[in-house]
Amino acid sequence: MKTLAMTLITMSLVTLAWLAPASASPPSAEDQERIGELHVSLANVEYVKVELDGDEYTATEFEKGGKLLLIKGIDLARETHTVKLIPFNETFAPKTVEVKATEFKKQRKGRIYLLVAKSTVKFDKASDAPKPPAEPDTAPEPTRPAPDKTDDL
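Quick note on numbering: the sequence shown equals residues 0 to 152 in numbering that gives the first Met the number 0.
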């Protein structure tokens, strides 16, 4: 009888230990890292290079033939982010977009909620910027006067 009681107690403790992690509550919203996405509609350019806060950023996707840029995995712990978009077409100048953490809104995608900010960017034509001056002009060497022509004859 004692062995049966000990077996039942052991089985119940093992079962409770096994079920305890499954019944633990998921991490709260404060414990989770807030990550968002930035959706940028490109008005007159397709496919751009992205720099986030001064560093090259590669967690990007393109949709609609390169006209919609999805920048994923943006850490929302910072108040503002600076996104520099550099078009591959050199006839257009780079554009800088500043995004505040308050611009990210909750958006439902199936059963998952995402924090998404949206923006539209139109690139300006690259102006014919003045070329950097070449090496400073050095004063030309002074010209020497032509030697006198003397006739030895």
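Glycine included, every Cβ here is placed at the ideal spot set by N, Cα and C.
C-alpha of F122 to C-alpha of E32: approximately 33 Å in a straight line.
The residue among T14, N88, T101 and R110 with its C-alpha nearest the C-alpha of A76 is T101. G65 counts as exposed, since fewer than 16 other C-beta atoms from the protein chains shown sit within 10 angstroms of its C-beta.
Just so you know, the alpha carbons of S40 and V120 end up roughly 6 Å apart. A contact is defined here as three or more CB-CB pairs under 8 Å, and the region 5-12 fails this definition with respect to the region 51-63. Within the same chain, Y112 and L114 come within 7 Å of K105 by CB-CB distance, once the 5 residues on both sides are set aside. Within the same chain, L84, V120 and F122 come within 6 Å of K94 by CB-CB distance, once the 5 residues on both sides are set aside.
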